[in-house]
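Read the structure below first, then the notes.
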Amino acid sequence: MANRYPSATSESRPVQWLLIAICLAFMALFLVLPLYAVFSEALRQGLGAFFSSLQSPDAQSAIRLTLTVAVIAVPLNVVFGICAAWAIAKYEFKGKALLITLIDLPFSISPVIAGLVYVLLFGAGSFLGPWLKSYGIEVLFAVPGIVLATIFVTFPFVARELIPLMQDQGTGDEEAALSLGASGWQTFMRVTLPNIRWGLLYGVLLCNARAMGEFGAVAVVSGKIRGQTTTMPLQVEMLYNEYNATAAFALASLLALLALVTLVLKSLLEWRFSDELAATNGGH
Amino acid sequence: MAHVTTGSSGWRWRQPSVIPGFGMTFGFTLVYFSLIVLIPLAALVVRSAGLGLDGFLRYASDARVIGALRVSFVTALIAASVNVVFGTLIAWVLVRYRFPGRRLFDAIVDLPFALPTAVAGIALTAIYAPNGSIGALLAPLGIRVAYTPLGIVVAMIFIGLPFVVRTVQPILDEVNKEVEEAAATLGANRFQIVWRVILPGLTPAILTGFALAFARAVGEYGSIIFIAGNIPFVSEIAPLLIVIRLEEFNYVGAAVIGTLMLGIAFMMLLVINLIQAWSRKRFGYGQ
């Protein structure tokens, strides 16, 4: 039997269903449909065309470069994230709030500007670029530039997950370990690391997804030399602009798959270990 | 060794601690942050400052620069407004209602964080192009989305949506049901309770979500350039103009636009921090 009295703390069922329908329609239109479009466009000319476009040498080298960049950028940001979280969460010092705000800075900056700053730092007319070049080191329009730009845009991911988590956990466990005679390194490896492992994995997951998918910052510094400095997203753009839509979407579907895997793992972590993650509010 | 009583006189930068490793971790944090973020950003500001005020203003007042900034601002403002309405509604539905597939949709909200922007860009273009699945429906109505400013708004809605949902959702989760019951016993109807009791408490979160979505939209590049059409003064966004200037090897012109946008980003960061501070004072929550 339907409620005869309207509830004061919730809406009537028809209103609820109307609001749910509006939200699901909006999300289907803006989120699900683009995802579906990637895969349907990729398979438009059949599986054969899909796989052969992925096996082209350019696609292969783009995949290799994207993996290389992630393998360098993600661990560096993990080391930074752990150090920053250790320094910020385990000690009290002045200016801490400012440091936390500064670490988030790359998230507020346009990815194009992340690329631009390295062009200005290492490009023609700069001081560093020609000097490094005289030693045979190319940064701009080469792999080091791509790595630097990727590190910049993925800089905060691990740190911003670990800082609130380690702040919540306090210093009690570490102090106990130290008082029992553990060294600083043992304390970190045996006490702190197990406490933060799921949070760390969460940060690595998001960091990696962004590192492999970054476009704007990398587009500016790469020079887009085919087969040499094109990452997967850049190769997608090139193929698309050459009206080779099927190949572009085939490569894009790999990135979309990566995004889906990331989302699934992220959701699993949130459901299974929500109490061992930092409060996951706010934008990433 | 001097005996130190807590809270005594003497300014100290850091509280003493038995935990080792402060020097190493703090030092590495500062060095790495300086090398990756601070020095490169300084290079941008220095390059612009080298122009002097007159030179900077001459570059900044270029009609195409102003046009691109206007396109970026107007479209980001519209997209962030749409995101505030639907993002808040989605947060509401996800927190308050139980329906099949709720967890799935909750997870999908984060898709724009995970999907590379270039992939989103070509996918949205394929959908909204005149021969695309939705573009073909809109074409007979005379509505063109792809290759117009409307396309920019669509892309900005896509990338900005999770910022609003994920900012409002946790706050909504903590709204005390007793407050609603109290309002009901005092004779408020459901609409009055939502509008006058719940929404005011959510205001700081909604404003923060708006600011985050707006800031992201203004700086966004990858998902927009494919769908925008990129016509100067009409659908050319500021980040794209930076890329164009760089391709012309006009580094100074690029640096000026970059500095302007950096200034905007800092202002948005300040605004968000002010909202949070106000929220902590007024509503007892923040961050």
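So the sequences go chain by chain: U and G.
Sequential numbering of the first sequence, starting at 6, is according to the numbering used here.
Sequential numbering of the second sequence, starting at 178, is according to the numbering used here.
Ideal Cβ positions, reconstructed from N, Cα and C, are used throughout, including at glycine.
Cβ neighbour criterion (16 or more within 10 Å) applied to residue i
i: U:Y248; result: exposed
i: U:G177; result: exposed
i: G:F443; result: exposed
i: U:V84; result: exposed
i: U:F35; result: buried
i: G:T362; result: exposed
i: U:W203; result: buried
i: U:N246; result: exposed
i: G:S249; result: buried
i: G:L212; result: exposed
i: G:G430; result: buried
i: U:T95; result: In the sequence under discussion, the amino acid at residue 95 of chain U is Lys, which differs from the Thr named in the question. Classification of U:K95: buried, given that the 10 Å Cβ count is 16 or more.
i: U:W22; result: exposed
i: G:G435; result: buried
i: G:P193; result: exposed
i: U:S115; result: buried
i: U:Y207; result: buried
i: G:I243; result: exposed
Cβ neighbours of residue i in the same chain (closer than 8 angstroms, five flanking residues each side left out)
i: U:L126; result: L133 and G134
i: G:R279; result: L271
i: G:L379; result: T265, V345, I348, L349 and V352
i: U:L211; result: F162, E166, T267, K271 and H289
i: G:L417; result: A245, Y398, I401, I402, A405 and N407
Any chain G beta carbon closer than 9 angstroms to residue i
i: U:W276; result: yes
i: U:E16; result: yes
i: U:I77; result: no
i: U:K138; result: no
i: U:Y245; result: yes
i: U:S115; result: yes
i: U:M237; result: yes
i: U:S272; result: yes
i: U:P149; result: no
i: U:G209; result: Correcting the residue identity first, residue 209 of chain U is Val in this sequence and not Gly. With 9 angstroms as the cut-off, U:V209 does not count as an interface residue toward chain G.
i: U:G288; result: Only weak support is given to the placement of U:G288: the predicted model assigns it a pLDDT of 38, under 50, and the value that follows is read from those uncertain coordinates. With 9 angstroms as the cut-off, U:G288 counts as an interface residue toward chain G.
i: U:I25; result: yes
i: U:P111; result: yes
i: U:L265; result: yes
i: U:M32; result: yes
Chain-order list of residues whose beta-carbon lies under 6 angstroms from that of residue i (same chain, five-residue window excluded)
i: G:I304; result: S310 and I311
i: G:F290; result: P339
i: G:A332; result: L301, S400, I401 and I404
i: G:R241; result: P409
i: U:G228; result: F146 and T234
Same chain only: Cβ atoms within 7 angstroms of residue i, ignoring 5 sequence neighbours per side
i: G:T302; result: A323, F403 and I404
i: G:V356; result: V374
i: G:R137; result: Chain G is shown from 178 up to 464; residue 137 of chain G falls before or after that span and cannot be answered.
i: G:D287; result: P339
i: U:S58; result: A64, T251, A252 and A255
i: U:Q50; result: T251
i: G:V330; result: T252, I255 and A256
Within chain C, the residues that residue i reaches when beta carbons sit closer than 9 angstroms
i: G:W190; result: Of the chains in the structure shown, none is chain C; the protein chains are U and G.
Nearest-angstrom Cβ-Cβ length linking residue i and residue j, presumed shorter than 8 angstroms
i: U:P62; j: U:G232; result: 7 angstroms
i: U:T155; j: U:V74; result: 5 angstroms
i: G:V272; j: G:D350; result: 5 angstroms
i: G:V270; j: G:P326; result: Going by Cβ atoms, the distance from G:V270 to G:P326 rounds to 30 angstroms, so no, they are not a contact pair.
i: U:L121; j: G:L423; result: 7 angstroms
i: U:V148; j: U:T234; result: 7 angstroms
Short CB-CB distance (under 9 angstroms) between residue i and chain U
i: G:N427; result: no
i: G:G430; result: no
i: G:S194; result: yes
i: G:T206; result: yes
i: G:I320; result: no
i: G:I452; result: no
i: G:G198; result: yes
i: G:Y465; result: Examination of residue 465 of chain G is not possible in this model, given that chain G is present from 178 through 464 alone.
i: G:T182; result: Residue placement at G:T182 is poorly supported in this model, since its pLDDT is 47, which falls under 50; the coordinates still yield a value, given next. Closer than 9 angstroms: no.
i: G:A303; result: yes
Could you run through the stretch 395-419 of chain G and flag, in chain order, every residue whose CB is less than 9 angstroms away from some CB of chain U?
-> Within the stretch 395-419 of chain G, contact with chain U at the beta-carbon level (separation under 9 angstroms) is assigned to V395, G396, E397, Y398, G399, S400, I402, F403, A415, P416, L417 and I419.
Using a Cβ-Cβ cut-off of less than 9 angstroms, list which residues of the stretch 258-278 of chain G approach chain U; keep chain order.
-> Per Cβ criterion, the list reads F263, L266, I267, W269, V270, L271, R273, Y274, F276 and G278.
Report the residues of the stretch 82-105 of chain U with a CB closer than 7 angstroms to any CB of chain G, ordered along the chain.
-> Those would be F85, C88, A89, W91, A92, K95, Y96, E97, F98 and K99, in chain order.
With 9 angstroms as the limit, tell me which residues of the stretch 353-373 of chain G have their beta carbon closer than that to any beta carbon of chain U; keep them in chain order.
-> Those would be K354, E357, E358, A360, A361, T362, A365, N366, R367, I370 and V371, in chain order.
For the stretch 285-301 of chain G, which residues have a CB atom closer than 9 angstroms to at least one CB atom of chain U, in sequence order?
-> The stretch 285-301 of chain G vs chain U, Cβ under 9 angstroms: I285, V286, D287, L288, P289, F290, A291, L292, P293, T294, A295, V296, A297, G298, I299, A300 and L301.
Taking only beta carbons into account, state which residues of the stretch 168-180 of chain U come closer than 8 angstroms to chain G, listed in chain order.
-> Cβ contacts with chain G: T176, E179 and E180.
Of all the residues that make up the stretch 41-66 of chain U, which are near chain G by a beta-carbon distance shorter than 8 angstroms?
-> The stretch 41-66 of chain U vs chain G, Cβ under 8 angstroms: A42, V43 and E46.
With 7 angstroms as the limit, tell me which residues of the stretch 326-340 of chain G have their beta carbon closer than that to any beta carbon of chain U; keep them in chain order.
-> Going along the stretch 326-340 of chain G in chain order, one finds I334, F335, L338, P339 and F340 with a Cβ nearer than 7 angstroms to chain U.
Contact set between the stretch 224-255 of chain G and chain U, restricted to residues whose Cβ is under 9 angstroms from the partner | Correct list: R224.
Along the stretch 114-134 of chain U, what residues have a CB closer than 7 angstroms to any CB found in chain G?
-> For the stretch 114-134 of chain U, which is checked against every Cβ of chain G, the residues closer than 7 angstroms are I114, S115, P116, V117, I118, L121, V122, Y123, V124, L125, L126, G128 and G130.
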